[in-house]
Amino acid sequence: YEAALGSAADELTLCFSEPPVGPPTERVARVLDRYLRFVDEHDTGFSALLRGGSVVETSRTTTIVDGVRRAAADAILSHLGRIGGSGPQSTGTRSAGPRLRMMVRSWIAAVEAASLIWLDEGKRPPAAELRGWLVDHLIALLAATAATDEETASVVRDLLALETSDGPAGRLAELVVPVVAEAAHLLPHATAAD
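Sequential numbering of the sequence shown, starting at -7, is according to my numbering.
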């Protein structure tokens, strides 16, 4: 069982491999497409493993799953121009600070949870729609974390400089700006006349 799990873990880890070409959110979208295809093809085993329902679960199987999670976090941090701590430093890439690492690991946990819910819901919405929502979720978490963490703010500025108006970040901005524009009254500089 552990050998089969190790093989599946290696296959899943390969899903996160993406060349650093193109806008970061488009790279993450391609990673998620491969990840969701893996989840779809291994639905029963994936669900049992992540829910702890495997009858042969051991500390070694838990270690294997945690290794996949670390690889996923390191890959996402790499797309954000940071190193997560377990990979070699590359030129021009800095180690991720604690807030950014925590945000990415939280997002990985949310992706896992969404994947399990997706399986429970009969693989609805369609995988492409789920992928889009998960990319939007990452962008929103980055923005929220950037509001109080200068390192993440720097990452977001660098990321947005690489994005296009027709890519995931541009489409999300187009959809969110009208919604948040209604919140101008919440800003400290807003007056009663606003």
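Glycine residues also receive a C-beta, built at the ideal position from the N, C-alpha and C atoms. In this text the structure is predicted, and so the values were computed from the model without any measurement.
Once DSSP output is grouped into helix, strand and coil, what is the label at residue i?
i, result
"Ser9", "coil"
"Ser87", "strand"
"Arg74", "strand"
"Gln81", "Low confidence applies here, because Gln81 scores a pLDDT of 43, under 50, leaving its location unreliable and the question unanswered by this model."
"His177", "helix"
"Ser39", "helix"
"Asp158", "coil"
"Gly114", "coil"
"Gly59", "helix"
"Thr50", "coil"
"Thr137", "helix"
"Gly14", "coil"
"His129", "helix"
Taking the CB atoms as reference points, tell me whether residue i and residue j lie closer together than 8 Å.
i, j, result
"Leu133", "Trp99", "yes"
"Ala105", "Phe8", "no"
"Ala88", "Arg74", "yes"
"Pro3", "Phe38", "In the sequence as displayed, the identity of residue 3 is Glu instead of Pro. Cβ atoms of Glu3 and Phe38: not closer than 8 Å."
"Leu92", "Glu166", "no"
"Val148", "Ala135", "yes"
"Ile131", "Thr54", "no"
"Pro12", "Leu154", "no"
"Val103", "Leu69", "no"
"Leu41", "Ala119", "no"
"Val60", "Thr5", "yes"
"Asp35", "Leu111", "yes"
"Lys115", "Asp58", "no"
Which same chain residues end up closer than 8 Å to residue i when comparing Cβ atoms and leaving out the 5 residues on each side of it in sequence?
i, result
"Ile56", "Glu(-6), Leu(-3), Gly(-2), Ala1"
"Arg43", "Leu108"
"Glu174", "none"
"Thr156", "Pro15, Gly162"
Might you give, ordered along the chain, the residues of its own chain that have their beta carbon closer than 6 Å to the beta carbon of residue i, omitting 5 neighbours on each side?
i, result
"Asp128", "Leu164"
"Thr83", "Note on Thr83: pLDDT 46, under 50, position unreliable in the model; the coordinate value appears next. Counting only Cβ-Cβ distances below 6 Å, and skipping sequence neighbours, we find nothing."
"Glu10", "Arg19, Arg22, Val23"
Kindly list the residues whose CB is nearer than 7 Å to the CB of residue i, restricted to its own chain and excluding five residues on each side of it in sequence; keep chain order.
i, result
"Leu152", "Ala161"
"Gln81", "In this prediction, Gln81 has a pLDDT of 43, which is less than 50 and means its spatial position is unreliable; what the coordinates show is noted afterwards. Excluding positions up to five away in sequence, the list reads Ile75."
"Arg26", "Cys7"
"Ala145", "Ala138"
"Asp150", "Gly73"
"Arg52", "Glu(-6)"
Measuring from the CB of residue i, is there a heavy atom of the ligand FAD at a distance below 7 Å?
i, result
"Arg29", "Because no ligand of any kind appears in the structure shown, any question about the ligand FAD cannot be addressed here."
- Task: Indicate whether the contact test is met: 3 or more Cβ pairs, each with one atom in the region 117 to 130 and one in the region 17 to 33, closer than 8 Å.
- Result: yes
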